Amino acid sequence: MHQFQICPVLIVAMICLTLCHSVMMETLPLCIGIQGMQESQGSPGKVGQKEAKEDSGAPFDMSRVLALEKQLAALQQSLTFYTNVLQFLGSICKDGNKTFITAGKTANFSSAKSECSLAGYQLSAPKTEAENMVMQRIVKKYDKDAWLAISDEKMEGTFVYLDDKPISYSNWNPGEPNGEHQAEDCVVMQTTGKWNDSICTEKGLVICET
Ligand SMILES: [Ca+2]
Ligand SMILES: [Ca+2]
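So the sequence shown is numbered by my numbering: it starts at 594 and just counts up by one.
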């Protein structure tokens with residue numbers, strides 16, 4: 594009885610071992626194969642696909658490139674034209690990399706800062722004599738005192754830019770800043786190009802820079 598019971602068990606065990614061996618032999622190379630494929634078809638594979646796409650893409654259209662170049666030249670011409678118009682109208686003045694812009698509006702110091710900021714610019718602060726002269730052209734054109742991005746609101750008598758750094762250039766009127774009535778904490782440029790400390794809540798021309 595034992596022999597008859599053991600034999601089927603042995604037979605089944607042998608079959609299992611044979612099958613398992615076959616499966617392992619088939620599976621193992623398959624797994625390695627997949628890994629190998631993954632490695633060999635990683636990023637270089639994608640490049641290969643891209644290159645194949647480029648190769649099989651639409652043929653290079655020189656006429657389209659020429660048409661785009663023509664459109665770009667026309668846009669540049671328009672941009673130069675409108676920039677010149679704005680400069681002629683006194684709304685925009687350039688000095689080197691800095692451009693001063695105004696819409697001719699007046700506002701108090703706080704609103705002037707906000708208006709420039711909302712437009713993606715900042716309130717003007719000339720930092721050289723040349724920049725001061727360029728900004729003065731706009732001030733003279735509109736004949737209104739214009740705010741500078743300078744104040745001594747935080748410490749009386751210490752004038753700083755909006756980032757709290759001390760000013761590196763100034764063009765004060767004689768006798769200024771005088772902090773009159775202890776309420777003059779903001780600064781305007783007058784039509785002469787000279788500066789005066791003034792009351793922040795008064796209205797001044799808004800000139801932004803970029
Ligand atoms: Ca002051
Ligand atoms: Ca003053």
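Yeah, the Cβ is synthetic: ideal placement off N, Cα and C, and Gly gets one too. What you are looking at is a predicted structure, and each value in this text was computed from that prediction instead of being measured.
- Taking 8 angstroms as the cut-off, the beta carbon of Val732 is found closer than this to the beta carbon of Thr784.
- Residues Trp788, Asn789, Asp790 of the same chain have their beta carbon placed closer than 7 angstroms to that of Glu769, with the five preceding and five following residues left out of the count.
- Ligand 2 has no heavy atom closer than 7 angstroms to the beta-carbon of Pro767.
- In this structure, Val781 sits near Asp738, with a CB-CB distance shorter than 8 angstroms.
- DSSP links Pro767 through a beta bridge to no other residue.
- Distances between the C-beta of Gly689 and the heavy atoms of ligand 1 are all 7 angstroms or more.
- Judged by their CB atoms, Gln775 and Ala742 are not nearer to each other than the 8 angstroms cut-off.
- Judged by beta-carbon spacing, Ile800 lies within the 8 angstroms limit of Phe693, meaning their Cβ atoms are closer than that value.
- In the same chain as Cys793, and ignoring 5 residues on each side of it, the C-beta atoms closer than 6 angstroms to its own belong to Phe702, Asp778, Cys779, in chain order.
- Sixteen is the threshold: when 16 or more other Cβ atoms of the shown chains lie within 10 Å of the Cβ of Phe752, as they do, the residue is buried.
- CA-to-CA, the gap between Leu659 and Leu665 works out to about 10 angstroms.
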